[in-house]
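Residue numbers (UniProt numbering): 1 to 491.
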């Protein structure tokens, strides 16, 4: 079964950079190579820019005096062609400070929109600065539009400057607010988080399409992981927790189970240190979800049961419903469909009380799925049809994909294989729109069964091959092996 899931934040404390000023190499005339002044004065040697080519020696100094016995040299031998002179980098005031701030970024590199928030300038200005520093040898491009600062020599000591804290708060705010926006563009039903106000000069990115939001999450998840680790080490607990919430849906869709487990281990510690009941419920339920996806069912049940107890103690029906919903999925993964059905029906009622319509659709679909697995097609169709109708009324694509997948399984189990093919293909279209490769693999797996049952072995082989590739990419080896056995039997 596929599922659609997922307080004031503070930025990490400034992380000392490896060095203090722009790197130098060979000496050159001061007028040609001095870097414009930065925030603090530095010794003259520390302000020199990267080297330009050495001055070309004059012809008078280019050859050694001839010995008496040596034959006369030709003109070409006496005056070899001078080496080409590299253009001197053109620096502007403030470039040294820009380079210094770039060395504080938490991830491996940075794009111009994030650099704009770090530097409190416009995006075009940030892009121009990054290009100029790259041309001057202070930065390098790691990919089109992405940059990292070059390291400085050991002669330049590490240091933290007065404006570093504000710059890093702007950068953390940029990533956190952009991740939150991206998550809600991809999954509009996810709740809005009470994030801290933006620092002046911080300009998060805005996405006009689901595809753009997904692309940003894919591109930046390494940097976001590094930011979470930096925040964890600095004791910025709300940042750790909020980043985990913003990224959970992406990790679920992409099947990044190991990353999901690590981030919720950090977020769980942060939530308990904060003493916030709702944060603790959320952290336990998603830690349970991650453990269940990793096949660690006793650990998952312990987290989810604790989430239920905290929610009951504090009278929170919405969070309690989510805990029951994920508990149902965990029981299913352990092969306990009857227990899973009980939890799913309980979750649906609690979501209805909390007026969380999309979540109610997920829980209704889960109940229908379990009725299908338990051999009750009448109740299964009733619950899945309600889930599909509710999802369509609220334009909830994730719920539509899940309900169509369930209806496909129901049709398949009742011998209506052509209906199953139509349902699975509609579910796959929604999965691909959402970038939900985790659910896509399961739908491909089941679609192959329907193709095989309708005498279409070539189509079955194609979709099963795709399912195996996704399963293996997501380290779902048991499911991959199951499909491979069916492929072998088909051959």
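The beta carbon of each residue, even a glycine, is placed where N, CA and C say it ideally should be.
Contact between residue 307 and residue 281 is confirmed by a C-beta separation of about 5 Å, below the 8 Å threshold. Cβ atoms of residue 216 and residue 244 stay farther apart than 8 Å, at about 18 Å. Between residue 360 and the set 110, 482, 392 and 203, the nearest pair of CA atoms involves 392. Take the alpha-carbon of residue 417 and the one of residue 482: they are about 20 Å apart. Closest in alpha carbon position to residue 419, among 293, 98 and 447, is 447. In the three-state scheme derived from DSSP, where H, G and I count as helix and E and B as strand, residue 147 is classed as strand.
Annotation note: the stretch 413-454 contains the following uninterrupted alpha helix (DSSP H) runs of length 4 or greater, listed N- to C-terminal: 417-434 and 437-453. Look at residue 474 here: in three-state DSSP terms it is coil, with no helix or strand label. In the three-state scheme derived from DSSP, where H, G and I count as helix and E and B as strand, residue 372 is classed as helix. Residue 284 holds the alpha-carbon nearest to the alpha-carbon of residue 301 among 284, 378 and 431.
Rounded to whole angstroms, the Cβ separation of residue 109 and residue 148 is 4 Å, and the two are in contact under 8 Å.
Exposed is the label assigned to residue 469, since fewer than 16 other Cβ atoms lie within 10 Å of its Cβ. When rounded, the separation of the alpha-carbon atoms in residue 221 and residue 252 is 13 Å. Here the stretch 168-183 does not lie against the stretch 131-145, with fewer than 3 beta-carbon pairs under 8 Å apart.
Per the Cβ contact rule, the stretch 346-356 is in contact with the stretch 324-338 (3 or more Cβ pairs under 8 Å). Leaving aside the five residues that flank residue 350 on each side, the residues in its chain whose CB is nearer than 7 Å to its CB run, in chain order, 317, 320, 321 and 324. With respect to residue 119, residue 127 sits apart: the two C-beta atoms are not nearer than 7 Å. Straight across, the Cα-Cα distance linking residue 115 with residue 123 is about 8 Å. A distance below 7 Å separates the beta carbons of residue 445 and residue 467. When the five nearest sequence neighbours on each side are left out, the beta carbons in the same chain lying within less than 7 Å of the beta carbon of residue 461 are those of 487 and 490, in order along the chain. Annotation for residue 262: the continuous alpha helix (DSSP H) segment containing it runs 257-274. Residue burial annotation: residue 273 is exposed, with fewer than 16 other C-beta atoms found within 10 angstroms of its C-beta.
According to DSSP, residue 219 shares a beta bridge with no other residue. Listed as beta-bridge partners of residue 291 by DSSP are no residues whatsoever. Cβ contact annotation for residue 451 (same chain, cutoff 6 Å, sequence separation greater than five): 459 and 460, in chain order. Burial state of residue 113 is buried, judged by a 10 Å Cβ sphere holding 16 or more other Cβ atoms.
Around the beta carbon of residue 411, 16 or more other beta carbons sit within 10 angstroms, so the residue counts as buried.
Here the alpha carbons of residue 254 and residue 479 stand approximately 16 Å from one another.
Residue nearest to residue 268 within the set 257, 296, 258 and 232 is 232 (criterion: CA-CA distance). A straight line joining the alpha-carbon of residue 179 with that of residue 111 spans about 15 Å. Checking the DSSP bridge columns, you'll see residue 139 partnered with 149. The stretch 370-381 makes no contact with the stretch 198-207; the number of CB pairs closer than 8 Å stays below 3.
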